[in-house]
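Letter by letter, the sequence shown follows residues 2 to 543 in our numbering.
Note that the Cβ used here is the ideal one computed from N, Cα and C, for glycine as well.
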Amino acid sequence: MASLAVIGASWLTALLLIHRYIHPISNIIFYPLLLLGLAARRIYYWRIYPFYVSKLRDLPQPDYPVHPLYGHLHGEAMNRNDGGATLNWAEAAPPGTHLLRILGMLNTERVVLVSLAAVQEVLQTQCYDFEKPPFLSKSLNGVLGNGLLFAEGEVHQRQRKKLMPAFSFGRTKKLVPVFLEEATRLVKVFSNSIDAQSKSDDKKRPTVELAKQVSRLTLDIIYRAGLGLRFDALENPDNELARAYENIVSPKGKAGKLFFLLSALVPWFYRLPFERNNVMRQSRATINKFATDAIQKKREKFEAEKEKKNEDGKRDVDIISIMIEGGPEEWSVQGMADQLLTFLVAGHETTASSMTLAMDQLCKHPELQTRLRNEIHTAFPSGYSSIKTYEDVESLKFLNNFIREVLRFTPPVVATIRQAMKDSYVAGQFIPKGTFITVAPGVTNKLKSIWGEDAREFKPDRWNDPEILAGGNSMAFLTFIAGPRACIGRRFSELEFKCLLIALIGHYEFAFVEGEPEIKFTTRFTYRPEGNMPLEIKRVEW
2 MASLAVIGAS
12 WLTALLLIHR
22 YIHPISNIIF
32 YPLLLLGLAA
42 RRIYYWRIYP
52 FYVSKLRDLP
62 QPDYPVHPLY
72 GHLHGEAMNR
82 NDGGATLNWA
92 EAAPPGTHLL
102 RILGMLNTER
112 VVLVSLAAVQ
122 EVLQTQCYDF
132 EKPPFLSKSL
142 NGVLGNGLLF
152 AEGEVHQRQR
162 KKLMPAFSFG
172 RTKKLVPVFL
182 EEATRLVKVF
192 SNSIDAQSKS
202 DDKKRPTVEL
212 AKQVSRLTLD
222 IIYRAGLGLR
232 FDALENPDNE
242 LARAYENIVS
252 PKGKAGKLFF
262 LLSALVPWFY
272 RLPFERNNVM
282 RQSRATINKF
292 ATDAIQKKRE
302 KFEAEKEKKN
312 EDGKRDVDII
322 SIMIEGGPEE
332 WSVQGMADQL
342 LTFLVAGHET
352 TASSMTLAMD
362 QLCKHPELQT
372 RLRNEIHTAF
382 PSGYSSIKTY
392 EDVESLKFLN
402 NFIREVLRFT
412 PPVVATIRQA
422 MKDSYVAGQF
432 IPKGTFITVA
442 PGVTNKLKSI
452 WGEDAREFKP
462 DRWNDPEILA
472 GGNSMAFLTF
482 IAGPRACIGR
492 RFSELEFKCL
502 LIALIGHYEF
512 AFVEGEPEIK
522 FTTRFTYRPE
532 GNMPLEIKRV
542 EW
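Below you can see the structure in the form of structure tokens.
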């Protein structure tokens, strides 16, 4: 009956819309009926459809009160942005649960993937039937550009294929000297900071602000190793480009959080004339101009050196060179600029976030920090400069285990969203077109049914077990997603992560600043410190 009422109201509204142009007197009743029809539709999808009509209503859902406005997303869920509330709900679901239904704002339905079978169907076997929601893509395109991150279907397949050579295993291995050289710059910055603070009368142990410094360095690395460009944000953080990038990825305070929320939910929000939006647009324009200028210079260099490189059988394989080689019919200048900005955010921000999460664990567990340092010093007793190759880095077994556990335990991207583009089935359950699907590394990575009873403990040694990934199922470790849309830069990111940790832990000992409040993490683009991340620092012998 409710459905008939809504349909009737919609038809009546349509008829009145036509009728008003024939009989002006109908204006008196048109607008009230229009508002009534819209209100009836909203009430239907708020209070009737999810509880009495939806084909998903029989799925397991949290044993948690449903708020009239926020659904299940209140209380614990609002206070925890690390996926912990959803993880608790998934653990409490009946054994054998594949999908969990959660009600969000105004009782909109969202399905969370719980079992590996469900994850595999959405991320692999039916990957292109479940896309990023169009409203999200349109919203963030205004900030990030229309790059590989938001491409779908055949466009995504073609772009990924064209860009794969820039992230091949062979090329990534050759970047070890670059990563180590760049990490040395941060070692020098920290050393200079220690010296400067030691000269003061203050007897406190020297401190460094880790999050900002690491973020600047990883930005430099993605420019140099990934794009063949110099940026120097670490030594010159106040240049115009560095400030513009900081405005995009790290807006300040509550206004910044509100901006991200509204930008994600309202496609046209970033166009409104608010000061925050004006800053974002100006920052985006600054970065876009830098990108297009850099692409033009790269094109000129490419054309000048093309014949010689063809004779030598050589080619540049950084991201921009790969796109330029494809020709203007493959990539427009703006298309290349969009890819550049996408890789800057995805490639820089996730590694920077992972570094802060790793240091948080090392300060919480000093014994792990000591163990990691001992492994580094034992393997390379003559010092940092003796590390030369990919094989040298990979020989550090505990380092490998440690970073995998950091990425499992605290993935930098806690969750991502897909939307069913057509009626589908997942794990035997009918999924109507338009349904939102949550792919949650913050849940899958710590489910006891997958990882065992100690899944919520930080234990790097669990990776000594060759069968740790649920018998070899790659879907159990979702930090880099999986399937055709898995992170194209995974090897790049992991190797960079290892080199940075070798440099910092090999040279310094870190601890939380005594008397300072606990460092809290929050989700924006990634899961990162809510504010600064000051740490006490001390040189160690190497």
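| Asked | Found |
| --- | --- |
| CB contact flag (Leu149, Thr343, <7 Å) | yes |
| Where Ile388 falls: helix, strand or coil (DSSP) | coil |
| Supposed close pair Leu479, Asn446 - CB separation, criterion 8 Å | 6 Å |
| DSSP state of Glu301 mapped onto helix, strand, coil | helix |
| Boundaries of the alpha helix (DSSP H) in which Pro535 is found, first to last residue | Note, Pro535: premise wrong, no alpha helix (DSSP H); beta strand (DSSP E) at Pro535 to Arg540. |
| Between the CA atoms of Glu77 and Lys499 - distance to the nearest angstrom | 34 Å |
| Range covered by the alpha helix (DSSP H) that runs through Ser450 | Lys449 to Trp452 |
| Minimum length 4: unbroken alpha helix (DSSP H) runs contained in the segment 25-67 | 28-44 |
| Simplified DSSP assignment, three categories, for Ser425 | strand |
| 7 Å CB neighbourhood of Thr411 in its chain, flanking five on each side removed | Leu358 and Tyr528 |
| Inter-residue Cα distance where the pair is Glu552 and Asp455 | In the structure as shown, the chain begins at 2 and stops at 543. Residue 552 is therefore absent and cannot be evaluated. |
| For Ala512: DSSP bridge partner residues | Glu537 |
| Pairwise C-alpha distance: Leu104 and Tyr426 | 20 Å |
| For Phe431, three-class secondary structure by DSSP | strand |
| As assigned by DSSP and simplified to three states, the class of Val407 | helix |
| For Ile195, the three-state DSSP class (helix, strand or coil) | helix |
| Coarse secondary structure for Tyr71, derived from DSSP in three states | coil |
| Where the beta strand (DSSP E) containing Glu110 begins and where it ends | Glu110 to Leu114 |
| Residues near Val123 in its chain [Cβ-Cβ closer than 7 Å; skip 5 each side] | Leu114, Phe131, Arg419, Val427, Ile438 and Val440 |
| Straight-line gap, Pro433 to Lys56 (C-alpha atoms, nearest Å) | 8 Å |
| Nearest-angstrom Cα separation, counted from Arg300 out to Lys285 | The displayed chain sequence assigns Arg, not Lys, to residue 285. Distance between the alpha carbons of Arg285 and Arg300 is about 22 Å. |
| Outcome for Ala93 when other beta-carbon atoms lying within 10 angstroms are tallied against a minimum of 16 | exposed |
| Reduced DSSP category for Phe522 - H, G, I as helix; E, B as strand; rest coil | strand |
| C-beta contact flag for Glu368 and Phe399 at 7 Å | no |
| Between the CA atoms of Gln283 and Glu182 - distance to the nearest angstrom | 33 Å |
| Where Val541 falls, given that 16 or more other Cβ within 10 Å makes a residue buried | exposed |
| Through-space distance from Ala416 to Lys423, alpha-carbon basis | 22 Å |
| Cα-Cα separation between Gly97 and Gln121, rounded to whole angstroms | 15 Å |
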